[in-house]
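Residue numbers (the working numbering): 4 to 254.
Positions of the beta carbon are idealized from the N, C-alpha and C atoms, including for glycine.
Just so you know, these numbers come straight off a predicted model, no measurement behind them.
Encoded structure:
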């Protein structure tokens, strides 16, 4: 999916709800898209079309009941952690097996549900989700966002879920909106004993240099930030024994 269309770098939403003019959005999309192309290692397992950041592998049904298997879903922040900091290799070095992944620049929470539904029986017992940033910076209402989060969690049934929280884009005046979105995720996740909300915003507050300098919105991460983003996922996976592992039932 092209970042220039709906990637997290392609738009700017003020708290008042106003959207930037189309030519400004296009200019910023091109500028930041170019920066991403220059910064992303050629070895990343992504589609080769210009402006597309996409990693996808259906979950392996042979691993659906493997307690060491994990499924990963994320947007361009996760893509950067994969490309910059070898997130896939880091996860597997911890003894986990990546059963599948859906990582798209620009992906919103609601988009993951129809992508997962046809393969839900193959999704393993542990799922890591790092989505919500695109919902945050675009026109998704808090109500619709809550509905999307609930639908996704319902679809995942009794699987263990780690949901990485959102950070406030430093270059955008949406602090209150960010708090509401994080609160929405946290409440829905905390209502499930086998799920956990990870506070990425707190980590980033302690490491402001992790924001990529050339991103005027303060959304995307530097190489160090991408490594830190991946490290938060790793730490949460290490804590998974604290979460109950029930027999998987699909929503």
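Whose C-beta lies closer than 6 Å to the C-beta of residue i among residues of the same chain, with five residues either side of it excluded?
| i | result |
| --- | --- |
| residue 167 | 133, 201, 203 |
| residue 151 | 112, 113 |
Label residue i either buried or exposed according to how many other C-beta atoms from any shown protein chain fall within 10 Å of its C-beta, with 16 as the threshold for buried.
| i | result |
| --- | --- |
| residue 179 | exposed |
| residue 233 | buried |
| residue 194 | exposed |
| residue 48 | Confidence at residue 48 is low in this model, with a pLDDT of 42, below 50, so the placement of that residue should be treated as unreliable; the coordinate-derived value is given next. Label assigned to residue 48: exposed. |
| residue 208 | exposed |
| residue 163 | buried |
| residue 228 | buried |
| residue 98 | exposed |
| residue 120 | exposed |
| residue 128 | buried |
| residue 187 | buried |
| residue 185 | buried |
| residue 92 | exposed |
| residue 216 | exposed |
| residue 135 | buried |
| residue 231 | buried |
| residue 238 | exposed |
Quick check on the DSSP output: the beta strand (DSSP E) that includes residue i runs from which residue to which?
| i | result |
| --- | --- |
| residue 102 | 100-107 |
| residue 125 | Element bounds for residue 125: n/a, residue is neither H nor E. |
| residue 77 | 72-77 |
| residue 58 | 57-60 |
Going by beta carbon distance, what residues of the same chain come within less than 7 Å of residue i, once the five residues before and after it are set aside?
| i | result |
| --- | --- |
| residue 63 | 102, 103, 125 |
Please list the terminal residues of the continuous alpha helix (DSSP H) segment that includes residue i.
| i | result |
| --- | --- |
| residue 240 | 226-241 |
| residue 90 | 90-96 |
| residue 119 | 112-119 |
- request: Starting from the N-terminal side, write out each stretch of the alpha helix (DSSP H) that is 4 residues or longer and does not extend beyond the segment 135-202.
  value: 136-140, 145-159, 178-193
query: Given 8 Å as the limit, is there contact between the segment 139-148 and the segment 101-108, that is, 3 or more CB pairs closer than that?
result: no
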